[in-house]
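The letter at position 337 of the sequence shown is residue 337 when you use the numbering used here, and the numbering goes up by one with no holes.
We put the CB at the ideal spot given by N, CA and C, even for glycine.
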Amino acid sequence: MRIYSGLVGAVLVAGMCVSGACAEEKAIQPVPEKKPTIKIGLLMETYDVARWARDEEYFKKRAAEFGAEVIKAVANGDQDKQNQQADTFLTQGVNVLVVIPNNLKTAARIIKSAHEKNVPVLAYDRLILGCDLDMYVTFDNEKVGYLQAKGVLEKVSEGNYILLGGAASDNNAKLLRVGQLRAIEEHEKATGKKITVLDNSFLDNWDKEEARRKIGNMLTRFKAEGKQIQAIVASNDGTAGGAVAALKADGLDGKVAVSGQDAELGACQRIVEGTQAVTVYKPVRNLASSAAEMAVRLARGEKPEDICKAIGYELKPLDNGAKLVPSVFLEPVLVTKENMMATVVKDGWHPEDKVYANKRGTE
């Protein structure tokens, strides 16, 4: 048992909660009791991926509904810097930390420092390994990878594939790969068709330019070997954009099926234009809103199992190498040209005129 300062209570590890569905945002009412203002320290890894500004916006809006104050710091991909930012927040008297880490192992120092000051920590969208983490909220990343590969397999049922992994240091990138391989295995068993994976390496970072260079080099190498690429399972929309740029330089854009994730505007435009096959939409409004409420309740000293019960999630365990972390997994949605209007546009993630701006300009 740990007693949290200022806003007392006990947080006992109970396991993990899995959401049944998140295509629609849950109607969760703010905690009615009058409590002192809660200060949340939001530690962001980067702004390089387009979605993070949206996460922050939704998180702050929901936290404000509970009367909580959010202070933010961005580490720009530097885990040592983020660890220092956490120490600064703790000195400033935050009641809870919400962390989007860069290095999932060395970020564990944040939890150690926070617990020395009786402050709970919620990991946001990336698990922190080997530590006494209080809670974790994310999307089902294995399912994201599964949907990425499945969406591409529906376009290209056999042939030569490249599996373009995300940052090697990111556990989510590894979970995506598990899902991708599961989809390929199921497809081969169900259809009898063969998928040949020519390359399945990971990038150093989630970097569009690194992806462009890597795919460009592969295209040259495999062309020299007489091997034609039919599909690229890219693990997010940024790396998908890099892959499409490399394909375009070789006159292959639109001829090779490419996946992504995050439903970035550029990716949605590529999908309706025909140069990217699919993306995976993760309704971050639901993620950020749920995380804000969890952070407030953790700061108030509520137990993870009670938090999940209040929000409407089921408890199950998730092992981070040191403990069973209470976690919430939200459901991702596959997006194609055919359901773009019914998903991304309908939810207001991107307006119709922007998604179809380039496409309709050529019609």
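Same chain only: Cβ atoms within 6 Å of residue i, ignoring 5 sequence neighbours per side
{"i": "Ala-257", "result": "Val-152, Lys-155, Val-156, Ala-231 and Ala-277"}
{"i": "Gly-242", "result": "Lys-208, Ala-211 and Arg-212"}
{"i": "Asp-253", "result": "Val-244, Leu-247 and Thr-275"}
{"i": "Leu-42", "result": "Val-70, Lys-72 and Val-98"}
{"i": "His-187", "result": "Leu-153"}
{"i": "Ala-149", "result": "Gln-180, Ala-183, Ile-184 and Val-233"}
{"i": "Asn-171", "result": "Leu-104 and Leu-127"}
{"i": "Gly-251", "result": "none"}
{"i": "Cys-17", "result": "In this predicted model, Cys-17 has a pLDDT of only 49, less than 50, meaning its place in the structure is not dependable; the value taken from the coordinates is given anyway. These residues qualify, in order along the chain: Cys-308, Tyr-313, Glu-314, Leu-315 and Val-328."}
{"i": "Glu-264", "result": "Ala-50 and Asp-237"}
Among the options, the one whose alpha carbon lies nearest that of residue i
{"i": "Glu-314", "options": "Pro-304, Glu-188 and Lys-227", "result": "Pro-304"}
{"i": "Asn-76", "options": "Leu-163, His-115, Asn-217 and Val-49", "result": "Val-49"}
{"i": "Thr-343", "options": "Glu-65, Val-280, Phe-222 and Ala-234", "result": "Val-280"}
{"i": "Asp-87", "options": "Gly-67, Phe-66 and Lys-117", "result": "Lys-117"}
{"i": "Glu-45", "options": "Ile-38, Ala-53 and Lys-39", "result": "Ala-53"}
{"i": "Ala-63", "options": "Gly-321, Ser-290, Ala-357 and Lys-309", "result": "Ser-290"}
{"i": "Val-296", "options": "Ser-113, Gln-85, Pro-120 and Asp-353", "result": "Pro-120"}
{"i": "Tyr-47", "options": "Leu-203, Asp-78, Ala-114 and Gly-93", "result": "Asp-78"}
Contact under 8 Å by Cβ, residue i with residue j
{"i": "Gln-261", "j": "Val-355", "result": "no"}
{"i": "Asp-122", "j": "Val-144", "result": "Looking at the sequence shown, residue 122 is not Asp but Leu. Their beta carbons are not under 8 Å apart, which means Leu-122 does not touch Val-144 by this criterion."}
{"i": "Met-294", "j": "Val-137", "result": "yes"}
{"i": "Lys-60", "j": "Val-70", "result": "yes"}
{"i": "Leu-175", "j": "Asn-141", "result": "yes"}
{"i": "Ile-162", "j": "Asp-125", "result": "no"}
{"i": "Phe-222", "j": "Ile-215", "result": "no"}
{"i": "Gly-67", "j": "Thr-91", "result": "no"}
{"i": "Asp-55", "j": "Ala-288", "result": "yes"}
{"i": "Lys-193", "j": "Glu-158", "result": "yes"}
{"i": "Leu-298", "j": "Thr-239", "result": "no"}
{"i": "Lys-39", "j": "Val-94", "result": "yes"}
{"i": "Ala-173", "j": "Ser-235", "result": "yes"}
Extent of the continuous beta strand (DSSP E) run through residue i
{"i": "Phe-329", "result": "327 to 330"}
{"i": "Phe-139", "result": "135 to 139"}
{"i": "Asn-160", "result": "159 to 167"}
{"i": "Glu-69", "result": "69 to 74"}
{"i": "Glu-293", "result": "From DSSP, Glu-293 is part of no beta strand (DSSP E) but of the alpha helix (DSSP H) over 284 to 299."}
{"i": "Tyr-124", "result": "121 to 124"}
Opening and closing residue of the alpha helix (DSSP H) in which residue i lies
{"i": "Asn-83", "result": "79 to 91"}
{"i": "Asn-209", "result": "The amino acid occupying residue 209 in the given sequence is Glu; Asn does not appear at that position. Segment 208 to 224, the alpha helix (DSSP H) holding Glu-209."}
{"i": "Val-355", "result": "352 to 355"}
{"i": "Thr-239", "result": "237 to 249"}
{"i": "Lys-112", "result": "108 to 116"}
Beta-carbon proximity list for residue i, same chain, < 8 Å, skipping 5 on both sides
{"i": "Lys-337", "result": "Ile-271, Val-272 and Gly-274"}
{"i": "Ala-357", "result": "Gln-269"}
{"i": "Ala-27", "result": "With a pLDDT of 49 at Ala-27, under the threshold of 50, the modelled position of that residue is not reliable, and no figure is offered here."}
{"i": "Glu-352", "result": "Met-341 and Val-345"}
{"i": "Lys-359", "result": "Gln-269, Val-272 and Glu-273"}
{"i": "Gly-321", "result": "Leu-129 and Gly-130"}
Own chain, CB closer than 7 Å to residue i, minus 5 neighbours either side, in chain order
{"i": "Ser-201", "result": "Gly-165"}
{"i": "Asn-160", "result": "Thr-196, Leu-198, Lys-227, Gln-228, Ile-229 and Gln-230"}
{"i": "Leu-147", "result": "Val-280, Pro-332 and Leu-334"}
Original post:
Does the count of Cβ pairs from the stretch 161 to 178 and the stretch 341 to 359 closer than 8 Å reach three?
Top reply: Verdict: no, contact absent.
Original post:
With a cut-off of 8 Å, do at least 3 Cβ pairs link the stretch 103 to 116 to the stretch 127 to 142?
Top reply: Touching, yes.
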